[in-house]
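> Chains as they are written, first to last, in this note's numbering: chain Y, 1 to 272; chain Z, 1 to 285.
Even for Gly, the Cβ is constructed at its ideal location relative to N, Cα and C.
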Ligand SMILES: Nc1ncnc2c1ncn2[C@@H]1O[C@H](COP(=O)(O)OP(=O)(O)OP(=O)(O)O)[C@@H](O)[C@H]1O
Ligand SMILES: [Mg+2]
C-alpha cells in the first residue's frame with residue numbers, strides 16, 4: 001500500500017527509551033508503513049504504553065531513531081497524528097456534549113473566535129455519523145456507555161484528518177460485542193488508508209483479527225502475521241509462561257497450558 | 001427602593017459597585033476552570049502570597065500593586081513548576097508555595113516598622129476602593145475577557161484532556177502557565193473588594209453553582225459570570241446597609257445561592273425520578 005518513496009509512518013531503529021531511570025525499552029527496531037494496522041501485545045509492564053508515548057514524544061529516548069512520516073519526533077508532534085487514550089484516563093463527568101468533545105479535536109487548528117465554524121460542525125457530525133453515534137451528538141458525555149465513549153475519542157482523533165492513529169488498549173473495559181464493533185470500525189478506517197497502531201492485552205482478539213502483531217517485552221520478540229507470530233515459543237519468550245496454541249484453519253487460539261483449576265489445591269469436598 | 005438608590009449617592013459606593021461587578025464577573029469566569037481543574041485552593045493560596053508580596057513591597061517602599069503582582073506571579077509560576085512534578089498535584093504545590101510566601105510576608109512585617117491595615121486586607125473594604133483599583137480591575141477584566149474569547153476552545157481542550165491536547169498540537173504547558181498567571185492577575189485585582197481570606201470562595205462558588213445547573217461548559221460559564229456579578233452586587237448592598245466588610249457579605253450571599261441551587265436541583269431530580277417511577281408502574285399494571 002505504501003509507495004516506495006514515501007517514508008514509513010513509524011520508523012524506530014535501535015531505540016532505547018524510558019523515564020529517566022533504567023531503560024524500559026531496548027533495541028527496538030520497528031517499521032510501520034502507511035496503511036498498516038498493527039497490534040502491540042505483551043504482558044503488563046512490557047512497555048506497550050511506553051512505545052506509544054515514545055511516538056508522541058512523552059517518553060524519553062536515550063538512543064536510536066524515532067521518526068514519524070520521516071520526521072524526527074520532537075516536543076511538537078506532527079500534524080498527522082491522532083491519539084486515542086485509555087477510557088479511564090479521562091474525567092467523563094466533564095461538562096461537554098458529545099459533539100463538543102469531538103470538535104475539541106479541531107482546537108489546535110480552529111479560528112480565533114470562541115465557537116467552532118459551520119464547516120467544522122459539519123466535519124464533526126460527519127465523523128459522528130460515520131462512527132454511528134450521531135444520534136448522541138447533544139448528549140452529555142457522562143451519559144454514554146463505554147463503547148460510545150470509545151467512539152467519541154476515536155471521532156475526536158479522526159476529525160482532524162489524522163493519517164496515523166495511536167490507540168492504547170481500545171478494547172479494555174468494553175464488552176465482547178462492543179469490542180467487535182470497535183475492531184470492525186478500525187478495520188474500515190484502515191481500509192480507508194489510515195495507519196493504525198494499537199496496544200492490547202487480548203491475545204486471542206488480536207490474534208484472530210489483526211493482519212500484523214508485534215510481541216513486545218522490553219524489546220521486539222516477534223513481529224508478523226498472527227499465524228506466524230503466535231507460537232508457543234514466542235509466547236514463552238513474551239509472557240514467560242507456557243501457553244498452548246491451537247491452529248484452526250486460518251485462525252489461532254491461545255489457551256492456558258494447563259487448566260487453571262488443575263493448579264489450585266483441591267477444594268474440600270464439603271465446601272459449597 | 002431607597003435602599004437600592006441611596007448608596008449610589010456616595011461616590012465611594014459607585015466605585016465599589018463598579019469594582020464589585022468587575023471582580024464578581026472575573027472570579028465567576030475563572031471559577032469554571034478552577035472547579036473543573038480541581039484547584040479550588042488556588043485563590044486561597046495566591047491571595048495569601050499577595051500578603052507576603054505587599055508586606056515586602058511596603059518594607060522596600062515600593063507600591064502596593066508592585067508587591068502584589070510580583071508575589072502572585074512568582075507564586076503562580078512556582079505552583080505551575082511544582083505541580084508538574086509527577087506525584088504532586090496542584091493542591092500540594094499551592095499549599096507549599098503560597099503559604100511559604102505568606103510566611104515570608106509575616107516575617108517581614110514583624111521585623112520592619114511597616115504599618116499594614118491587616119483587617120482591610122484580609123476581609124476587603126469597599127470604602128477603600130481607589131480610582132487606581134478601578135483601573136486595575138478594569139484592565140484585568142478586559143484582558144481576561146479577551147483571553148477567554150481568543151483561547152476559549154484551547155482552554156476547554158486542555159482542561160478536559162491535557163495529554164491528548166498536547167499530542168494534537170496544542171501548547172499545553174504554555175496554556176496552563178498562562179491560566180495560572182491569569183488567576184494571579186484576577187486575585188490581585190480582587191483583594192480590595194473581597195479580601196485575602198475570602199477570595200477562595202469567590203473563585204469556586206459560581207463555577208460550582210454552574211455545574212449544578214448545567215452539563216455544558218458554555219452554559220456553565222454564563223451562569224458563573226452571572227452568579228459572580230449578582231452575588232457581588234447583592235453582597236455590596238448588604239455590606240453598605242449592615243455596615244459589615246464587603247468580602248464576607250459577598251461570600252455569604254454566594255454560599256446562600258449555592259445552598260438554594262443545591263436544594264432546588266436535588267428536588268428537581270428527585271421529582272423527575274418519581275415521575276419516571278410512576279409512569280413505569282402505570283405502564284406495567
Ligand atoms: N511514568 C513512568 N515513570 C517511570 N516508569 C514508568 C512510567 N510509566 C511506566 N513505567 C515503567 O515502564 C515499564 C513499562 O510500562 P508500560 O506502561 O509501558 O507497560 P505496558 O506494557 O503498557 O503495561 P500494561 O499492559 O499494564 O498497560 C513498567 O515497568 C513501568 O513500571
Ligand atoms: Mg499500558
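1) Kindly identify the DSSP beta-bridge partner or partners of residue 215/Y.
2) Residues around ligand 1, please: the condition is that the C-beta lies closer than 5 Å to some non-hydrogen atom of it.
3) Please confirm whether residue 83/Y and residue 49/Y have their CB atoms less than 9 Å apart.
4) Can you give me, in chain order, the residues of the segment 27 to 39 of chain Z that have a beta carbon less than 8 Å from any beta carbon in chain Y?
5) Could you give the C-beta distance for residue 124/Z and residue 45/Z, rounded to a whole number, given that I count them as a contact under 8 Å?
6) From the DSSP output, read off the bridge partner residues of residue 140/Y.
7) Ligand 2 heavy atoms versus the CB of residue 172/Z: any closer than 8 Å?
8) With distance defined between alpha-carbon atoms, name the residue in 228/Y, 211/Y, 218/Y, 239/Y nearest to residue 38/Y.
9) Looking at the structure shown, is residue 91/Z part of a helix, part of a strand, or coil, going by DSSP?
10) What is the DSSP secondary structure of residue 209/Z, reduced to helix, strand or coil?
11) For the segment 64 to 75 of chain Y, which residues have a CB atom closer than 8 Å to at least one CB atom of chain Z, in sequence order?
12) If contacts are defined as beta-carbon pairs under 8 Å, then residue 72/Z and residue 187/Z qualify, I think. What distance do you get, rounded to the angstrom?
13) For residue 118/Y, return the contacting residues in chain Z, with the cut-off set at a CB-CB distance below 9 Å.
14) Determine, using beta carbons only, whether residue 10/Y comes closer than 9 Å to chain Z.
15) For residue 217/Z, go through chain Y and note every residue whose CB falls closer than 7 Å to its CB, in chain order.
16) For residue 71/Y, write down the residues that DSSP places opposite it in a beta bridge.
17) Return yes when at least one heavy atom of ligand 3 lies under 8 Å from the C-beta of residue 245/Y, else no.
18) Which residues of the segment 126 to 145 of chain Y have a Cβ closer than 8 Å to any Cβ of chain Z? Give them in chain order.
19) Along the chain, which unbroken stretches of the beta strand (DSSP E) at least 3 residues long are found entirely within the segment 128 to 204 of chain Y?
20) Decide if the segment 13 to 22 of chain Y is in contact with the segment 57 to 69 of chain Y; the criterion is three or more beta carbon pairs, one per stretch, under 8 Å apart.
21) Taking buried to mean at least 16 other C-beta atoms within 10 Å of its own C-beta, is residue 11/Z buried or exposed?
22) Let's see if you can read the secondary structure: which residues bound the alpha helix (DSSP H) around residue 126/Z?
23) Any heavy atom of ligand 2 closer than 8 Å to the CB of residue 233/Y?
24) Which of the three DSSP states, helix, strand or coil, is assigned to residue 30/Y?
25) For the beta strand (DSSP E) containing residue 203/Z, name the first residue and the last one.
26) To the nearest angstrom, how far is it from the Cα of residue 65/Z to the Cα of residue 102/Y?
27) Would you report the Cα separation of residue 172/Z and residue 283/Z, rounded to the nearest angstrom?
28) Give me whichever residues DSSP pairs with residue 83/Y in a beta bridge.
29) Measuring CA to CA, which of 217/Z, 255/Z, 271/Z is closest to residue 34/Z?
30) Going by the DSSP bridge assignment, what does residue 61/Y pair with across the sheet?
31) Keeping to the same chain, check which residues put their C-beta closer than 8 Å to that of residue 120/Y; ignore five residues upstream and five downstream.
32) My guess is that residue 42/Y and residue 238/Y are in contact by the Cβ rule of under 8 Å, so how many angstroms apart are they, rounded?
33) If you draw a straight line from the C-alpha of residue 152/Y to the C-alpha of residue 264/Z, how long is it?
34) Determine which residues of the segment 167 to 193 of chain Z have a Cβ less than 7 Å from any Cβ of chain Y, and write them out in chain order.
35) Among residues of its own chain, excluding the 5 on either side of residue 29/Y, which ones have a beta-carbon nearer than 7 Å to its beta-carbon?
36) In the DSSP assignment, find the unbroken beta strand (DSSP E) run with residue 243/Y in it and report its ends.
Taking the geometry as given:
1) Your numbering for residue 215/Y matches position 215 in the first chain. Partner(s): 41/Y, 222/Y.
2) Taken from the N-terminal end onward, the list reads 19/Y, 24/Y, 44/Y, 45/Y, 46/Y, 47/Y, 48/Y, 49/Y, 50/Y.
3) Position 83 of the first chain, counted from the first residue, corresponds to residue 83/Y. Position 49 of the first chain, counted from the first residue, corresponds to residue 49/Y. Cβ distance not < 9 Å, so residue 83/Y and residue 49/Y don't count as in contact.
4) Listed in sequence order: 36.
5) Position 124 of the second chain, counted from the first residue, corresponds to residue 124/Z. Position 45 of the second chain, counted from the first residue, corresponds to residue 45/Z. In fact, because the Cβ distance is near 18 Å, the residues do not count as touching under 8 Å.
6) On the first chain, position 140 is the one that residue 140/Y refers to. Residue pairing by DSSP places residue 140/Y opposite 97/Y in a beta bridge.
7) Counted from its first residue, the second chain places residue 172/Z at position 172. In this structure, the C-beta of residue 172/Z stays at least 8 Å away from each heavy atom of ligand 2.
8) Position 38 of the first chain, counted from the start, is the residue given in the question as residue 38/Y. Nearest option by C-alpha distance: 211/Y.
9) Counting from 1 along the second chain, the entry for residue 91/Z is found at position 91. In the structure shown, the three-state DSSP call for residue 91/Z is helix.
10) On the second chain, position 209 is the one that residue 209/Z refers to. Residue state, collapsed to three classes: helix.
11) Within the segment 64 to 75 of chain Y, no residue qualifies.
12) Start at 1 with the first residue of the second chain, and residue 72/Z comes out as number 72. Start at 1 with the first residue of the second chain, and residue 187/Z comes out as number 187. With a Cβ gap of about 6 Å, residue 72/Z and residue 187/Z count as contacting.
13) Indexing the first chain from 1 puts residue 118/Y at position 118. The CB of residue 118/Y never comes closer than 9 Å to any CB in chain Z; the least such distance is about 15 Å.
14) In the first chain, residue 10/Y corresponds to position 10, counting from 1. Output row for residue 10/Y: interface = no.
15) Indexing the second chain from 1 puts residue 217/Z at position 217. Chain Y residues near residue 217/Z: 95, 96.
16) If you number the first chain from 1, residue 71/Y lands on position 71. DSSP lists 68/Y as the beta-bridge partner residues of residue 71/Y.
17) As far as ligands go, the structure on display features ligand 1 and ligand 2 and does not contain ligand 3.
18) Close to chain Z, meaning a Cβ-Cβ distance shorter than 8 Å, are the following residues of the segment 126 to 145 of chain Y: 140, 142.
19) Within the segment 128 to 204 of chain Y, the complete beta strand (DSSP E) runs of at least 3 residues fall at 164 to 168, 195 to 200.
20) Yes: the two stretches touch, three or more of their Cβ pairs being nearer than 8 Å.
21) Along the second chain, read from residue 1 onward, the residue named residue 11/Z stands at position 11. Exposed.
22) Sequence index remark: in the second chain, residue 126/Z carries index 126 (1-based). Per DSSP, residue 126/Z belongs to no alpha helix (DSSP H) and is neither H nor E.
23) Position 233 of the first chain, counted from the first residue, corresponds to residue 233/Y. Residue 233/Y Cβ: outside cutoff for every heavy atom of ligand 2.
24) By 1-based counting over the first chain, the position of residue 30/Y is 30. Here residue 30/Y sits in strand by DSSP.
25) Locating residue 203/Z in the second chain gives position 203, counting from the first residue. Neither: residue 203/Z is in no beta strand (DSSP E) and is coded neither H nor E.
26) As a position in the second chain, residue 65/Z is number 65, starting the count at 1. As a position in the first chain, residue 102/Y is number 102, starting the count at 1. C-alpha separation (whole angstroms): 42 Å.
27) Against the second chain, residue 172/Z aligns to sequence position 172. Against the second chain, residue 283/Z aligns to sequence position 283. Each residue's Cα considered, the two are about 52 Å apart.
28) One-based indexing of the first chain puts residue 83/Y at position 83. Beta-bridge pairing links residue 83/Y to 166/Y.
29) Mapped onto the second chain, residue 34/Z falls at position 34. Of the candidates 217/Z, 255/Z, 271/Z, the one whose C-alpha sits nearest the C-alpha of residue 34/Z is 217/Z.
30) In the first chain, residue 61/Y corresponds to position 61, counting from 1. Bridge partners of residue 61/Y: 17/Y.
31) Within the first chain, the letter at position 120 stands for residue 120/Y. Around residue 120/Y: 103, 106, 110.
32) Translated into positions along the first chain, residue 42/Y becomes position 42. Translated into positions along the first chain, residue 238/Y becomes position 238. Going by Cβ atoms, the distance from residue 42/Y to residue 238/Y rounds to 6 Å, so yes, they are a contact pair.
33) Residue 152/Y sits at position 152 when you count from the first residue of the first chain. Residue 264/Z sits at position 264 when you count from the first residue of the second chain. One C-alpha to the other measures close to 32 Å.
34) Those would be 167, 168, 169, 170, in chain order.
35) The sequence position of residue 29/Y within the first chain is 29, counting from 1. Take residue 29/Y, set aside five residues on each side of it, and the residues of its chain with a beta-carbon closer than 7 Å to its own are 12, 13, 14, 220, in chain order.
36) Your numbering for residue 243/Y matches position 243 in the first chain. Residue 243/Y -> beta strand (DSSP E) spans 243 to 248.
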